[in-house]
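Counting with the numbering used here, you get residues 2 to 195 for the letters of the sequence shown.
This report refers to the structure that appears directly beneath it.
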Amino acid sequence: ILQFLEAAGKSPHELHSMMVLRHGKVIAEGWWAPYRADLKHTMYSCSKSFTATAVGLAVSEGRLTVEDKVVSFFPNDVPATIPPNLANLRGRDLLSMSVGQEPDPTPLIRSADNWAKAFLSTPILYEPGSKFLYNSLATYMLSAIVQKVTGEKIIDYLTPRLFTPLGITGMDWEVTPENVNTGGWGLRIKTEDM
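Here it is in structure tokens:
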């Protein structure tokens, strides 16, 4: 552990916090200022794993399937004419970031008033499922879908199913102008919670 910390200290990477467990017990932990054990930390793209977990739970509850067409959840936000690639886009394609858009639409859509509508109007150049491209807005769309089928933001949906059983409290998650958790980023929890 000390060798790792020495090597990390010489790298251009910035450590925020670290916690090492062995056999279920914390054997090493540390925080680098301004980060502290009692403060929540932004999980950045680790938030995506929590969104995928929400999708998995919703699937297990029979609320959706990964084969469902994305457009079926957003009838009021689709373009007047739905191109074939958009019509064929499934939840599975969002989960695997193989939407078929290029470039990643996330930077442009984050300034839109309606993220789902902007995502659905972004051209899908390749057949969904055929080409990977890191796409945080794909994960946002999963968050929006879970909210559509459960009536709850994913942070609220996950609370009794994941956060409370794990003893995670005080979490928060960024929301869009439509009050949907961002999904692909923005979850804040403590290092110990992670």
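Even for Gly, the Cβ is constructed at its ideal location relative to N, Cα and C.
Short check: CB of residue i to CB of residue j, under 7 Å?
i           : j           : result
residue 121 : residue 79  : yes
residue 43  : residue 184 : no
residue 101 : residue 126 : yes
residue 18  : residue 192 : yes
residue 190 : residue 41  : yes
residue 95  : residue 139 : yes
residue 186 : residue 45  : yes
residue 29  : residue 2   : yes
residue 129 : residue 86  : yes
residue 167 : residue 48  : no
At which residues does the beta strand (DSSP E) containing residue i begin and terminate?
i           : result
residue 144 : Residue 144 -> not in any beta strand (DSSP E); alpha helix (DSSP H) instead, spanning 137-151.
residue 7   : First-last for residue 7: 3-11, but that is the alpha helix (DSSP H), not the beta strand (DSSP E).
residue 188 : 188-190
State the start and end residues of the unbroken alpha helix (DSSP H) segment that holds residue i.
i           : result
residue 55  : 48-61
residue 120 : 116-121
residue 159 : 155-159
residue 107 : 107-110
When DSSP builds the beta bridges, which residues end up paired with residue i?
i           : result
residue 91  : 70
residue 30  : 20
residue 174 : 188
residue 182 : 176
residue 43  : 189
Leaving out the 5 sequence neighbours to the left and right, which residues in its chain are closer than 8 Å to residue i when beta-carbon positions are compared?
i           : result
residue 155 : 51, 52, 55, 144, 147, 148, 174, 182 and 184
residue 68  : 91, 92 and 93
residue 133 : 97, 98 and 99
residue 119 : 106, 109, 110 and 113
residue 39  : 191
In its own chain, which residues sit with a C-beta less than 6 Å from the C-beta of residue i, not counting the 5 before and 5 after it?
i           : result
residue 71  : 90
residue 194 : 169
residue 131 : none
So does residue i have its beta carbon nearer than 6 Å to some heavy atom of the ligand HEM?
i           : result
residue 193 : This structure lacks the ligand HEM; in fact it carries no ligand of any kind.
Excluding the 5 residues flanking residue i on each side, which residues of the same chain have their C-beta closer than 7 Å to its C-beta?
i           : result
residue 135 : 98 and 105
Original post:
For the region 153-160 against the region 7-14, are there 3 or more C-beta pairs whose distance is under 8 Å?
Top reply: no
Original post:
Using 8 Å as the threshold, is the region 109-123 in touch with the region 173-184, meaning 3 or more CB pairs across them?
Top reply: yes
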